[in-house]
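Mind the numbering: the sequence shown is residues 20 to 332 in our numbering, read in order.
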Amino acid sequence: MTANPTRRSAPTPTRGSPPRAAELPSPAIEVRDLRKSFGQQTILAGLDLTVRRGEILALLGPNGAGKTTTINILSTLLRPDAGSARVAGFDTVADAEQVKRRISLTGQSAAVDEVLTGTENLVLLGRLSGLSARTARIRSAALLERFDLGRAGAKRVATYSGGMRRRLDLAMSFVVTPEVLFLDEPTTGLDTRSRRDLWDVIRSLADAGTTVFLTTQYLEEADQLADRIAVLNDGHVVASGTATQLKTQVGGDTVELHDRHGSLLRELPTDGSVSDLRRALDLLDESGAEGVVSLRRPTLDDVFFALTTKETR
Ligand SMILES: Nc1ncnc2c1ncn2[C@@H]1O[C@H](COP(=O)(O)OP(=O)(O)OP(=O)(O)O)[C@@H](O)[C@H]1O
Ligand SMILES: [Mg+2]
Numbered sequence: 020m021t022a023n024p025t026r027r028s029a030p031t032p033t034r035g036s037p038p039r040a041a042e043l044p045s046p047a048i049e050v051r052d053l054r055k056s057f058g059q060q061t062i063l064a065g066l067d068l069t070v071r072r073g074e075i076l077a078l079l080g081p082n083g084a085g086k087t088t089t090i091n092i093l094s095t096l097l098r099p100d101a102g103s104a105r106v107a108g109f110d111t112v113a114d115a116e117q118v119k120r121r122i123s124l125t126g127q128s129a130a131v132d133e134v135l136t137g138t139e140n141l142v143l144l145g146r147l148s149g150l151s152a153r154t155a156r157i158r159s160a161a162l163l164e165r166f167d168l169g170r171a172g173a174k175r176v177a178t179y180s181g182g183m184r185r186r187l188d189l190a191m192s193f194v195v196t197p198e199v200l201f202l203d204e205p206t207t208g209l210d211t212r213s214r215r216d217l218w219d220v221i222r223s224l225a226d227a228g229t230t231v232f233l234t235t236q237y238l239e240e241a242d243q244l245a246d247r248i249a250v251l252n253d254g255h256v257v258a259s260g261t262a263t264q265l266k267t268q269v270g271g272d273t274v275e276l277h278d279r280h281g282s283l284l285r286e287l288p289t290d291g292s293v294s295d296l297r298r299a300l301d302l303l304d305e306s307g308a309e310g311v312v313s314l315r316r317p318t319l320d321d322v323f324f325a326l327t328t329k330e331t332r
């Protein structure tokens, strides 16, 4: 992805005979025909999804599509009605304890202790996760710096602003490095700088091998950060791929002719070739109008509108 040049590409298999199935590591997340209803309301109607190790996957979908429900099932907080989900090689129902040991989750709303200071929250979690007192303190100080909370560390969380709380909550996810990290709308409520800082943290974690499964309402975020995007609608994954693949799926590029007031005169499908542009210029000449020729590629917004419906809301 252009905005993310440092990301490693998937390891290329060595030449010669392909590796046998037994040698291939299992995917970080493997979801098969997952189903979940609340009362009469079907939320997940047979979800299929695979996430490779070290990959950043962004799950997109309208409000109420079931993104949080999916994360809750994958992180063992909720039992599916049917189907299966394996995380880090273990079944989320049968081997829930094994899964819990390998994951970390930041939910949609902050889960930090108000009465404690930022430092105390981080150190406590570090100790509970098995770090020595010294390591927990060092780690906590580094994370407070990383999330721009250096000076706030000694203050009680009750005095924090909404964004500071959110950043502390996110820092908690990084106390121990998980195999799979779940982030439910991690950047909601963060200012632009904090959002970019978090992207950096997420990228470096993924570069070191952690798999990241995140949800977001920000299409730009999915575009910039994720290796792959999955779109959830009406209980199914309706599309998945890189941002570019999804854009191509929704429709190709078009050449647009506008008059000088900006009104659209013509729209022509194109593969971006010079001959298409020349034809567009000729058409503009023939029409006798003064105007502009521009190339338009579908945006992720177009993808989102084309693939999702309002009914789930
Ligand atoms: N415990 C529950 N009991 C009953 N209904 C629930 C429960 N949890 C979620 N739902 C319903 O399931 C649907 C999906 O909810 P979910 O939170 O997974 O959506 P979402 O995609 O995360 O939405 P958002 O973008 O708003 O966060 C919603 O209609 C919600 O009201
Ligand atoms: Mg949600």
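Cβ coordinates follow ideal geometry from the N, Cα and C atoms, glycine included. Owing to the predicted nature of the structure, the values given are computational and were not obtained by experimental measurement.
- Runs of the alpha helix (DSSP H) lying entirely within the segment 167-247 and spanning at least 4 residues, in chain order: 181-192, 211-226, 238-244.
- Rounded to the nearest whole angstrom, the C-alpha separation of Ser213 and Asp114 is 36 Å.
- In this structure, the beta-carbon distance from Val220 to Phe193 falls below 8 Å.
- The Cβ-Cβ distance between Phe201 and Leu93 falls below 8 Å.
- Note that the segment 105-123 does not touch the segment 266-280; fewer than 3 beta-carbon pairs, one per stretch, sit closer than 8 Å.
- Counting of Cβ neighbours within 10 angstroms places Arg215 among the exposed residues, the total staying below 16.
- Counting C-beta atoms within 10 angstroms of its own C-beta, Leu244 has 16 or more neighbours from the protein chains shown and is therefore classed as buried.
- For Gly260, the secondary structure class from DSSP, reduced to helix, strand or coil, is strand.
- Looking at the backbone, the Cα of Lys86 and that of Asp290 are separated by about 35 Å.
- In the displayed model, Asn252 falls within a strand according to three-state DSSP.
- Sixteen is the threshold: when 16 or more other Cβ atoms of the shown chains lie within 10 Å of the Cβ of Asn91, as they do, the residue is buried.
- Our two residues, Val269 and Gly169, have alpha carbons roughly 45 Å apart in a direct line.
- For Val118, the enclosing alpha helix (DSSP H) covers residues 115-121.
- Look at Glu286 here: in three-state DSSP terms it is strand.
- Taking the Cβ of Thr234 as the reference point, at least one heavy atom of ligand 2 falls within a distance shorter than 7 Å.
- Take the alpha-carbon of Thr154 and the one of Ser292: they are about 58 Å apart.
- Around the beta carbon of Ala227, a 10 Å sphere encloses fewer than 16 other beta carbons of the protein chains shown; the residue is thus reported as exposed.
- Of Arg247, Leu147, Thr61, Leu53, the smallest CA-CA separation from Leu79 is found for Arg247.
- In this structure, Glu204 is the residue among Ala258, Glu309, Glu204 with its C-alpha nearest to the C-alpha of Thr88.
- Judged by beta-carbon spacing, Thr230 lies within the 8 Å limit of Arg72, meaning their Cβ atoms are closer than that value.
- A distance below 7 Å between beta-carbons, with the five flanking residues on each side excluded, links Asp67 to the following residues of its chain, in chain order: Val50, Arg51, Asp52, Val256.
- If you draw a straight line from the Cα of Thr125 to the Cα of Gln236, it is about 16 Å long.
- Linking Leu265 to Val142 through their CA atoms gives a straight-line distance of about 42 Å.
- The beta carbon of Asp203 sits closer than 7 Å to at least one heavy atom of ligand 2.
- Residue pairing by DSSP puts Leu76 in a beta bridge opposite Phe232, Arg247.
- The Cβ-Cβ distance between Thr327 and Val250 falls below 8 Å.
- At a Cβ-Cβ threshold of 8 Å, Ser159 and Gly182 do not count as neighbours.
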